[in-house]
Every structure is written in structure tokens, then in C-alpha cells.
Amino acid sequence: MCLGLCACAHASNAPPRTVRASWYGGGERLSRHTANGERFNPRAMTAAHRSLPFGTRLALTNPANGRTVVVRVTDRGPAASTGRALDLSRGAAAALGMLERGTGSLTMRVLP
């Protein structure tokens with residue numbers, strides 16, 4: 010238990026890092042559930058990450074246009090073989106201006 014809490018506290022003090030991200034949810038209906046059991050909403054500001062605890066808030070900035078959003082981790086993914094660290098909801102990707110390209114580099118900061 011302490012290890013998990015210590016890891017979370019350490020992560021929130023970690024410096025921002027550059028990550029690759031993609032998005033999902035373009036044609037999905039609200040009936041799909043995320044890995045944490047919530048109903049998936051493609052318009053919500055959410056993300057999938059392989060290991061961060063559910064509920065972790067991330068500040069994401071697109072360095073190509075300066076746009077920043079705060080997302081909450083609600084799902085698991087992307088597959089390690091993709092080379093990406095995050096899958097974003099369609100809403101988060103739209104707010105960051107990365108819908109057309111499909112993937113992009115983002116600055117990620119774990120929020121306390």
C-alpha cells in the first residue's frame with residue numbers, strides 16, 4: 010500500500026515529459042465501458058494509460074499549437090507495441106488540435 014502511495018506522490022512531483030499519443034472514440038457509442046467501469050464518453054476529457062492509477066489527472070500540452078487540457082485516466086492502453094504512452098478520448102484530442110493527424114507528441118505532467 011505504501012509503495013503505491015509513494016509512487017503516486019513521486020509521480021506528481023516529476024517534471025513534465027514528452028510522450029506520443031493517439032486518440033480513440035470516433036465512432037463508439039456511450040454504451041462501451043472503460044477499464045475502470047465508467048461509461049465511455051468520447052466527448053469527455055479522458056485518457057487511457059497502461060499503468061497510471063485510475064483517476065490520475067494529467068496536464069497535456071500540444072507544443073505544435075500551445076493548447077493545454079487536463080484529462081483523467083479512466084482506461085488502459087495503448088498497447089506497448091505502438092510506441093505511444095496515451096490514448097486520448099476524441100474530445101481531448103479535438104481540444105489539443107490533433108484529430109486530423111491522429112497521433113502527436115505532447116508534454117505530459119502528472120497533477121497532484
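Using the working numbering, the letters of the sequence shown correspond one by one to residues 10 to 121.
From the three backbone atoms N, C-alpha and C, an ideal C-beta is built for every residue, glycine too.
These figures come from a predicted structure and were not determined experimentally.
Collapsed DSSP secondary structure at residue i in the structure displayed
i	result
Ala68	strand
Arg99	helix
Met107	coil
Residue i - partner residues in DSSP beta bridges
i	result
His42	Arg48
Arg26	Met117
Ala57	Asp84 and Asp96
Ser90	DSSP, once it has assigned bridges, lists no residue as partnering Ser90.
Presumed contact (8 Å Cβ cut-off) between residue i and residue j, rounded CB distance
i	j	result
Ala68	Thr55	Not confirmed; about 14 Å, so no contact.
Ser31	Gly111	6 Å
Arg41	Ala94	Incorrect: roughly 22 Å between the Cβ atoms, too far for contact.
Leu115	Leu105	7 Å
Cβ-based burial, residue i [other Cβ within 10 Å; buried from 16]
i	result
Pro51	buried
His58	buried
Pro87	buried
Ser113	The sequence shown places Gly at residue 113, not Ser. It is buried - the Cβ of Gly113 has at least 16 other Cβ atoms within 10 Å.
Asn71	buried
Residues near residue i in its chain [Cβ-Cβ closer than 7 Å; skip 5 each side]
i	result
Ala44	Asp84 and Arg85
CB contact check: residue i to chain C, cutoff 8 Å
i	result
Thr65	Within the model displayed, chain C is absent; a lone protein chain is all it includes.
Cutoff 6 Å; reference residue i; Cβ partners in own chain excluding five residues on either side
i	result
Ser98	Gly34, Pro51, Ala53 and Thr55
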